[in-house]
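Novice: With positions in the sequence shown counted from 1, the corresponding number in the numbering used here is that position plus 70.
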Amino acid sequence: MPKFWDKVLTFLGFVEETEEEEIIEDYPPGRPQSVRKGPVLNLQSAGSRNMRLVLAKPKEFAEAQNIVMHIKNKKPVLVNLEETPKEEARRIVDFISGATYAVDGNMQKVSQQIFLFAPAQVEVSAEVRKELHERGVATALDE
């Protein structure tokens with residue numbers, strides 16, 4: 071109610087209307103702040119940071135949700151679809167790649183039927199791909 075009476079008294083001329091001053095402060099131009107998404111881990115340093123690569127060989131689409139849970143928990147997943155029926159494999163890759171995209175992760179095709187899905191906090195380098203090939207995980211790397 072006090073605002074109502076202030077308005078009435080101001081209208082009748084008993085109180086002078088005060089204008090609120092807008093305070094504008096000039097700040098010196100600074101450098102723009104960068105956006106950080108978190109630390110970037112290299113899989114090659116897995117031993118020092120306890121980073122583990124999850125290997126998955128899904129046989130049916132129902133197993134894709136478990137794979138996505140690993141990605142959501144910031145673990146990279148190597149998905150081997152060599153023994154999965156073609157249509158199931160396509161659905162699995164579509165589902166996992168969509169979920170990986172949703173968490174700002176990335177997907178790399180290691181071979182014809184092997185894919186590496188990594189969350190945003192994990193950087194996959196060419197050395198990792200080479201190491202996977204040397205260990206025999208990627209049997210058909212250049213197909």
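A virtual CB, placed ideally from N, CA and C, is assigned to each residue, including glycine. Remember, predicted model here, so these are calculated numbers, not experimental data.
1) Give the secondary structure of lysine 173 by DSSP, where H, G and I count as helix, E and B as strand, and everything else as coil.
2) Kindly indicate which three-state DSSP category asparagine 150 falls into: helix, strand or coil?
3) Compare the C-alpha of valine 124 against each of Lys145, Gln135 and Met139 and name the closest.
4) In terms of residue numbering, what span does the beta strand (DSSP E) encompassing alanine 126 cover?
5) If you draw a straight line from the alpha carbon of lysine 142 to that of threonine 170, how long is it in whole angstroms?
6) Leaving aside the five residues before and after lysine 73 along the sequence, list all residues of the same chain whose C-beta is less than 8 Å from its C-beta, in chain order.
7) Would you say the stretch 149-164 touches the stretch 126-141, given that touching needs at least three Cβ pairs under 8 Å?
8) From glutamate 193 to alanine 132, what distance separates their C-alpha atoms?
9) Rounded to a whole number of angstroms, what is the C-alpha to C-alpha distance between glutamine 135 and valine 149?
10) What are the boundary residues of the beta strand (DSSP E) that includes alanine 188?
11) What does the alpha-carbon distance come out to for the pair glycine 175 and isoleucine 184?
12) Terminal residues of the continuous alpha helix (DSSP H) containing asparagine 143?
13) To which residues does DSSP link lysine 179 through a beta bridge?
14) Go ahead and label valine 147 buried or exposed: buried means 16 or more other beta carbons lie within 10 angstroms of its beta carbon, across all protein chains shown.
Specialist: The structure says:
1) Residue numbering aside, residue 173 sits at position 103 when the sequence shown is read from its first letter. This sequence places valine at residue 173; lysine is not what is there. Three-state DSSP puts valine 173 in coil, outside helix and strand.
2) Taking the first residue of the sequence shown as position 1, residue 150 is located at position 80. In this structure, asparagine 150 counts as strand in the three-state DSSP scheme.
3) Numbered from 1 along the sequence shown, position 54 holds the residue referred to as residue 124. Out of Lys145, Gln135 and Met139, Lys145 has the C-alpha closest to the C-alpha of valine 124.
4) Here residue 126 is taken as the residue at index 56 of the sequence shown, counted from 1. Looking at the DSSP string, the run of the beta strand (DSSP E) that includes alanine 126 is 124-126.
5) Here residue 142 refers to the residue found at position 72 when the sequence shown is read from its first residue. Here residue 170 refers to the residue found at position 100 when the sequence shown is read from its first residue. When rounded, the distance between both Cα atoms is 8 Å.
6) For the purposes of this step, residue 73 is identified with residue 3 of the sequence shown, where counting begins at 1. So no residue of the chain qualifies.
7) yes
8) Here the question's residue 193 lines up with position 123 in the sequence shown. Here the question's residue 132 lines up with position 62 in the sequence shown. For glutamate 193 and alanine 132, the distance between alpha carbons rounds to 28 Å.
9) Residue numbering aside, residue 135 sits at position 65 when the sequence shown is read from its first letter. Residue numbering aside, residue 149 sits at position 79 when the sequence shown is read from its first letter. Straight-line Cα distance between these residues: approximately 13 Å.
10) For the purposes of this step, residue 188 is taken as residue 118 along the sequence shown, with counting starting at 1. Run containing alanine 188: 184-188, per the beta strand (DSSP E) assignment.
11) To locate residue 175, count along the sequence shown from 1; it is residue 105. To locate residue 184, count along the sequence shown from 1; it is residue 114. C-alpha separation (whole angstroms): 17 Å.
12) Translated into positions along the sequence shown, residue 143 becomes position 73. That residue, asparagine 143, is in no alpha helix (DSSP H); it is neither H nor E in DSSP.
13) As a position in the sequence shown, residue 179 is number 109, starting the count at 1. Lysine 179 pairs with Phe185.
14) The residue labelled residue 147 in the question sits at position 77 within the sequence shown. Burial call: buried.
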